[in-house]
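Down below is the structure, laid out as structure tokens.
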Amino acid sequence: MASPDVKYTDPEKYLPAPADDERALNLRVDWTKDEERRAKRKLDLIIMPLLTLGFFCLQLDRGNISNAITDTLFEDVGITQNQFNIGQQMLSLGIVLFEIPSNMILYRVGPGKWLTLQLFLFGTVATFQAFMNSYGSFIATRLLLGITESGFIPGGLWTLSTWYTRSETAKRVMIFYFGNQFGQASSKLLATGILAMEEVGGKPGWFWLFAIMGAFTVFCGFILGFCLPDSFRNPCSTFLPGKSWFTDRELHILQTRVLLDDPAKGKKKRKIDIGAFKRAFTNWRIWIHVFISLLNNGPQRAFDTYAPSIVTSFEFGKLRSNAMASVGLFLQLPTSFFFSWVSDHFNLRGETVIAGLFFHLVGYIMNRSFSPYSNDRRSVKYFGVIWTQMFGTFSHPLNITWLSLTCEDSEVRALAMAMVIMGANIAGIYGAQIFRSEDKPLYLRGFSINLAILTTAIVLAIVRTVDDKIRRRFRKRNEEAGSSSDQVQTIEVDDELKGAAK
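0 is the number of the first residue of the sequence shown in numbering that gives the first Met the number 0; add one for each residue after it.
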């Protein structure tokens, strides 16, 4: 990572005085392509690793409980599987209730301070999950974890949109989500070793799972606090005010190129007005994207929670099953990268989302079909688990990228990001009840429910894709008509000039 420029001077000199409640950016195009390339590379090396690290920590603390239930968590805390599902609902409820308020705070105080604070908060709560000893303490910690995590994901997405152009943001959303996917896979692999610490200090393995991963998140909070720049206006980290990672020249290049791509970002208001809420909440296309994530993430959350337990039911053993439950999640990383590349390179936003949803659905067809097999054919059953993990997650970030390119301005984009993430977390509320104790170990009903939900998601994605193609066609036709009109006017002017010359 580049060293800070201690000779930082106030970037406000690049900014004209704001009008009313707006913040405007100065526009000067005076750089070479090589200067822009170097500035953008430096931005990538600072912003992307930090935001991705934060998302990695969030997923560790949110998802490690799926590994804890393969240990003695139920017996030690004194809860049943269905009570555990309620706790998972509380996590999602906390996120949903505070998602938009959290995003509004971030919009006002800046991502550097708010995202850093969030890592400290949910890292602390995650650590104290190690001391759960009753149903009440379990419910309370899951609710608090949801509240403290709320807003981090849409906040990260919004932060990306402020530092990058629209096309660059679309590419980096998928990189940001690699933190989530890598966290999913790593938590299960790390749990294999940490759960083996049972009886260390007289504590069960799940105690050390929560304590170690929560402490790691708090440590990463310090990393963000020292390194994450806030914005173009304040390109300093929370713990190092007055020291910027960027030179004045780099700031000028980075902020101007963003404004050239989206002039609306040059009039970023200090608060989101009621008009932005109206534009966001009355846009049916945004709601289609919200429902796509709502429908994809419910089955995915449910399966991710119980995947280690399902693999354990194949009689592989507790520790080995946690390691095996990470394989499909690691395979999803190159799979996600490939689909993201196709989406960006060929501009196939809707098509890649539909493909992801379809392959996700195929996974539940496999699991529904293979589940009745005896464990003599457990390798076939395990293949169904791997397939579902490979294709279960990435439709969501692809859908978010598609949504971000649909939004008309930064205010609507900030609200749309919160709405779609809120939809994804509402999915966690209903998804937590898909796999219930009376349905185990085969979960035939649960897999059938997932099939119906994903079929609906595919229908919505197809509708939105057709709409997108129609809009592009009309836009292209209007552009061609405008070009033809300009040519006609030019010919008429030329004829008039020739006549005057005669």
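For glycine and all other residues, C-beta sits at the position ideal for the given N, C-alpha and C.
Source: prediction; values computed, not measured.
Do you know how far the Cα of residue 171 is from the Cα of residue 282?
Distance between the alpha carbons of residue 282 and residue 171: 25 Å.
Are the Cβ atoms of residue 307 and residue 321 separated by less than 8 Å?
Yes, they are a contact pair.
Please confirm if the region 275-290 is in contact with the region 414-421, defined as three or more CB-CB distances below 8 Å between the two stretches.
At 8 Å Cβ cutoff, the stretches touch.
In this structure, how does DSSP classify residue 373 when only helix, strand and coil are distinguished?
Looking at residue 373 - three-state DSSP - the assignment turns out to be coil, as it is neither helix nor strand.
Terminal residues of the continuous alpha helix (DSSP H) containing residue 129?
Run containing residue 129: none; DSSP gives neither H nor E here.
I need the DSSP call for residue 243, collapsed to helix, strand or coil.
Looking at residue 243 - three-state DSSP - the assignment turns out to be strand.
With 16 other CB atoms within 10 Å as the buried threshold, where does residue 469 fall?
Answer is exposed; the Cβ neighbour count stays below 16.
Under a three-way DSSP split, which group does residue 226 fall into?
Three-state result, residue 226: helix.
Can you find at least 3 beta carbon pairs, one from the region 376-396 and one from the region 175-184, that sit closer than 8 Å?
Because the criterion of three Cβ pairs below 8 Å is met, the region 376-396 and the region 175-184 touch.
Could you spell out where the alpha helix (DSSP H) holding residue 434 opens and where it closes?
Note, residue 434: premise wrong, no alpha helix (DSSP H); not H, not E.
Quick check on the DSSP output: the alpha helix (DSSP H) that includes residue 236 runs from which residue to which?
Unbroken run through residue 236: none, as it is neither H nor E.
Could you tell me the boundaries of the alpha helix (DSSP H) in which residue 50 lies?
Residues 32-62.
Suppose you measure from the CA of residue 229 to the CA of residue 74; what does that come to, to the nearest Å?
C-alpha separation (whole angstroms): 45 Å.
For residue 137 versus residue 78, is the C-beta distance shorter than 8 Å?
Against a cut-off of 8 Å, the Cβ pair of residue 78 and residue 137 comes out as a contact.
Could you work out which residue in 133, 112, 244, 61 is closest to residue 126 when comparing CA atoms only?
For the residues 133, 112, 244, 61, the minimum Cα distance to residue 126 belongs to 61.
Would you give the residue range spanned by the alpha helix (DSSP H) that residue 295 belongs to?
It spans 283-311 - the alpha helix (DSSP H) in which residue 295 sits, taken as one unbroken run.
May I have the straight-line CA-CA distance separating residue 96 from residue 247, to the nearest angstrom?
Approximately 40 Å, taken between the alpha carbons.
Should the region 217-234 be regarded as contacting the region 139-157, the criterion being three or more beta carbon pairs within less than 8 Å?
Too few Cβ pairs lie closer than 8 Å, so no.
Residue 480: buried (16+ other C-beta within 10 angstroms of its C-beta) or exposed?
Result: exposed.
Quick one: what does DSSP say residue 475 is sitting in, helix, strand or coil?
Note: residue 475 maps to helix in three-state DSSP.
Going straight from the alpha carbon of residue 459 to that of residue 129, what length do you get?
Residue 459 and residue 129: Cα-Cα distance of roughly 41 Å.
Can you tell me the Cα-Cα spacing of residue 370 and residue 443, whole angstroms?
Rounded to whole angstroms, residue 370 to residue 443 spans 7 Å at the Cα level.
Quick check on residue 310: buried or exposed, where buried means 16 or more other Cβ atoms within 10 Å of its Cβ?
Buried, since its Cβ has 16 or more Cβ neighbours within 10 Å.
Is it buried or exposed, residue 545, if we count other Cβ atoms within 10 angstroms and call 16 or more buried?
Only positions 0 to 501 of the chain appear in this structure, which leaves residue 545 out of reach.
Helix or strand or just coil, what does DSSP make of residue 439?
In the structure shown, residue 439 sits in coil (DSSP, three-state: anything other than H, G, I, E or B).
DSSP state of residue 146, grouped into three classes?
Note: residue 146 maps to helix in three-state DSSP.
Between the Cα of residue 116 and the Cα atoms of 207, 98, 147, 403, which residue gives the shortest distance?
The shortest Cα separation from residue 116 among 207, 98, 147, 403 belongs to 147.
Got a sec? Which residues, its chain only, sit under 7 Å from residue 35 by beta carbon, not counting five neighbours each side?
Around residue 35: 252, 256.
Specify whether the region 428-444 and the region 79-88 touch according to this definition: at least 3 beta carbon pairs, one from each stretch, less than 8 Å apart.
Segments in contact, yes.
DSSP on residue 533, reduced to helix/strand/coil?
Outside the shown range of the chain, which is 0 to 501, sits residue 533, and nothing can be said about it.
Can you give the Cα-Cα distance for residue 329 and residue 478, rounded to whole angstroms?
Each residue's Cα considered, the two are about 44 Å apart.
Just the C-alpha distance for residue 315 and residue 373, rounded to the nearest angstrom, thanks.
Approximately 13 Å between the Cα atoms of the pair.
Determine contact between the region 323-343 and the region 377-390, defined as no fewer than three beta-carbon pairs at a distance below 8 Å.
Result yes; three or more Cβ-Cβ pairs closer than 8 Å.
Could you tell me whether the Cβ atoms of residue 207 and residue 217 are closer together than 8 Å?
Contact: no.
Just to confirm my understanding: we take residue 319, look at its own chain, exclude 5 residues before and 5 after, and list those with CB closer than 8 Å. What are they?
Around residue 319: 191.
With a CB to CB cut of under 7 Å and the five nearest residues on each side skipped, what residues in its chain are close to residue 69?
Same-chain partners within the cutoff: 307, 308, 311, 317, 320, 321.
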